[in-house]
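Asker: Here the UniProt record's numbering is used: the first residue of the sequence shown is 1, the next is one more, and so on.
The beta-carbon is built from N, C-alpha and C at its ideal position, and this holds for glycine as well.
All of these numbers come straight from a predicted model, not from anything done at the bench.
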Amino acid sequence: MNPTNLSTNEKTSEKLPKASLFALFFSGFVSLLTEALPAGLLPEMSRSLHITASLTGQTVTIYALATALGAIPLARLTATWSRKRVVQTALAIVFIADLLTAFSPFFVLTLLIRFIAGLGTAMIWPILGGYASSISPEASQGKAVALALAGNPVGLALGIPMGAALGKMLDWQLVFLIAAGLVLLNFLWNFHFLIDVAGRKPEHQSKLGETFAIRGFKPILFALSTYMVAHNIVYTYITDYLGRIHLENQASLILFTFGVASILSVLLVGSLIDRYVRRLTLLSASLLAFAMLLLSVFTESPFVIYLASGLWGLVFGSSASLFIHSAIRATGKHADMAQALVVTAFSGSISIGAFSGGLLISLFGTLSISWAAFALLILSALTVFFGKKFAFPVK
């Protein structure tokens with residue numbers, strides 16, 4: 001199919017383009033799965049590469065840093081490309097990077113490969129919401145965006161438990177080969193089923209300064225950043241945390257609980273996001289703060305750890321959709337550039353969280369990370385609460 005701007009009749013059809021939305025969901029999923037995998041393979045990769053767990057965690061940091069640095073310039077560079085071409089090019093980069101990671105014998109080389117993979121993800125993230133909206137009927141665009149973006153948190157949620165589970169059975173290199181296989185399947189599915197849409201003409205592209213200056217947008221970025229830094233301070237080192245509280249043998253099951261809860265979150269929020277986005281975002285930040293408090297205080301209770309992990313997944317799974325939907329609503333015609341900025345904040349927060357978590361562990365011990373996350377999430381919740389006029393308006 002040649003890239004086109006879909007006609008009004010096509011967009012107002014009552015049916016969602018499910019095959020295409022699944023393609024976008026899967027594209028977000030595999031790119032974030034690739035990002036999160038090392039966090040579930042910390043012990044195995046550390047032993048193989050002869051480095052510490054905190055240093056291995058920087059393979060997540062460098063990936064997220066590349067995504068943060070690349071999102072805006074790559075969005076500008078590829079703005080005139082058809083959307084399908086952007087997605088397929090990005091997947092090809094991630095596929096090759098996963099293959100090379102599996103065969104890399106050196107830590108520094110692995111970091112370089114992971115940086116390149118992060119640039120591939122930087123091409124996908126900023127366009128998923130707008131792409132889903134452009135191929136869907138107007139009445140269902142909110143649901144379409146939520147479905148397409150759901151692959152991001154699900155990929156992050158399942159990346160660590162998948163890595164932890166497979167790492168117990170296989171060499172970590174084989175886990176990356178499996179990830180590469182999933183990316184290839186995604187590429188082939190997209191080739192056959194993803195509807196193509198033309199890129200934007202140069203005169204229709206949004207400017208960075210204009211978008212950033214929109215009232216209410218900066219509080220959204222701050223709330224998102226504190227939320228995601230908090231999440232990643234703990235999540236990047238969750239296997240190390242579980243080992244510290246003597247639950248390393250239950251890591252796969254605890255992370256599976258998190259992953260299942262994340263998927264349930266996507267299903268629940270998808271039907272409510274258009275009507276209750278402010279309430280859901282405030283509830284998400286507040287309950288995640290509570291989950292971090294539970295992880296900090298009840299370290300000797302496996303039941304509470306499972307409970308906290310389930311609650312964590314339940315609120316985190318839909319978090320990307322909530323913040324991106326808020327940004328799209330606040331910025332209107334500048335939504336494409338807003339999404340690139342959100343991706344920069346999102347990815348930068350992953351990088352900062354992974355780096356900060358490693359630093360906190362080195363300075364204060366593993367149990368300090370959940371307390372730091374709790375404090376940041378209080379800031380996030382307060383920002384949402386007081387942003388009731390422009391950022392997270394009360395309807």
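Taking the straight line between their C-alpha atoms, what separation do you get for residue 12 and residue 128?
Answerer: Looking up residue 12 in the sequence shown gives position 12. Looking up residue 128 in the sequence shown gives position 128. Only weak support is given to the placement of residue 12: the predicted model assigns it a pLDDT of 43, under 50, and the question is left unresolved by the model.
Asker: Determine the DSSP secondary structure at residue 145, reduced to helix, strand or coil.
Answerer: To locate residue 145, count along the sequence shown from 1; it is residue 145. In the structure shown, residue 145 sits in a helix (DSSP, three-state: H, G or I).
Asker: Is it the case that the stretch 68 to 85 contacts the stretch 338 to 348, given that we only count it when at least three CB pairs across the two stretches are under 8 Å?
Answerer: yes
Asker: Have a look at residue 404 and residue 281 and give me their C-alpha separation to the nearest angstrom.
Answerer: Only positions 1 to 395 of the chain appear in this structure, which leaves residue 404 out of reach.
Asker: Who are the near neighbours of residue 241 in its chain, counting only those whose CB is closer than 6 Å to its CB and skipping five residues on each side?
Answerer: Locating residue 241 in the sequence shown gives position 241, counting from the first residue. Excluding residues within five positions, the ones whose Cβ falls inside 6 Å are 366.
Asker: When you compare the CB positions of residue 361 and residue 229, do they come within less than 8 Å of one another, or not?
Answerer: Position 361 of the sequence shown, counted from the first residue, corresponds to residue 361. Position 229 of the sequence shown, counted from the first residue, corresponds to residue 229. Contact flag unset, no.
Asker: If you follow the alpha helix (DSSP H) that residue 336 is in, where does it begin and where does it stop?
Answerer: Start at 1 with the first residue of the sequence shown, and residue 336 comes out as number 336. Segment 335 to 364, the alpha helix (DSSP H) holding residue 336.
Asker: State the Cα-Cα distance for the pair residue 254 and residue 308, rounded to the nearest angstrom.
Answerer: Within the sequence shown, residue 254 is the residue found at index 254, counting from 1. Within the sequence shown, residue 308 is the residue found at index 308, counting from 1. Going by the C-alpha atoms only, they are around 10 Å apart.
Asker: Residues in the same chain with beta-carbon distance under 7 Å from residue 165, minus the five sequence neighbours each way, listed in chain order, please.
Answerer: Residue 165 sits at position 165 when you count from the first residue of the sequence shown. Within the same chain, residue 165 has close Cβ partners 252.
Asker: I'd like the list of long-range same chain contacts for residue 120, defined as Cβ closer than 6 Å, with 5 residues on each side in sequence excluded.
Answerer: By 1-based counting over the sequence shown, the position of residue 120 is 120. So the qualifying residues of the chain are 90, 93 and 94.
Asker: CB-CB under 8 Å to residue 208, same chain, minus the five flanking residues each way: which ones, in chain order?
Answerer: Walking along the sequence shown from the start, residue 208 turns up at place 208. So the list reads 72, 337 and 341, once near-sequence residues are dropped.
Asker: Tell whether a beta-carbon distance below 8 Å holds between residue 259 and residue 158.
Answerer: Here residue 259 is taken as the residue at index 259 of the sequence shown, counted from 1. Here residue 158 is taken as the residue at index 158 of the sequence shown, counted from 1. Yes, the pair counts as a contact, with Cβ atoms nearer than the cut-off.
Asker: Looking at residue 265 and residue 197, is the spacing between their C-beta atoms short of 8 Å?
Answerer: Numbered from 1 along the sequence shown, position 197 holds the residue referred to as residue 197. Numbered from 1 along the sequence shown, position 265 holds the residue referred to as residue 265. Not closer than 8 Å, so no.
Asker: Assuming the contact rule is C-beta atoms closer than 8 Å, residue 30 and residue 155 should be a hit. Round their C-beta distance to whole Å, please.
Answerer: If you number the sequence shown from 1, residue 30 lands on position 30. If you number the sequence shown from 1, residue 155 lands on position 155. Yes, they are in contact, since the Cβ atoms of residue 30 and residue 155 sit about 7 Å apart, within 8 Å.
Asker: Thinking C-alpha only, which one of 46, 143 and 151 is nearest residue 239?
Answerer: What you label residue 239 is simply residue 239 of the sequence shown in a count that begins at 1. With respect to the C-alpha of residue 239, the residue from 46, 143 and 151 having the closest C-alpha is 46.
Asker: The alpha helix (DSSP H) spanning residue 312 covers which residue range?
Answerer: What you label residue 312 is simply residue 312 of the sequence shown in a count that begins at 1. Looking at the DSSP string, the run of the alpha helix (DSSP H) that includes residue 312 is 302 to 316.
Asker: So is the beta-carbon of residue 325 under 7 Å away from any non-hydrogen atom of the ligand NAP?
Answerer: In the structure shown, the ligand NAP is absent, as is every other ligand, since no ligand is present at all.
Asker: Just the C-alpha distance for residue 124 and residue 28, rounded to the nearest angstrom, thanks.
Answerer: Walking along the sequence shown from the start, residue 124 turns up at place 124. Walking along the sequence shown from the start, residue 28 turns up at place 28. Roughly 7 Å between the two C-alpha positions.
Asker: Going by other Cβ atoms of all chains shown within 10 Å of its Cβ, with 16 needed for buried, is residue 394 buried or exposed?
Answerer: To locate residue 394, count along the sequence shown from 1; it is residue 394. Classification for residue 394: exposed.
Asker: Would residue 20 and residue 256 qualify as a contact pair, given that the criterion is a beta-carbon distance under 8 Å?
Answerer: On the sequence shown, position 20 is the one that residue 20 refers to. On the sequence shown, position 256 is the one that residue 256 refers to. No. Outside cutoff.
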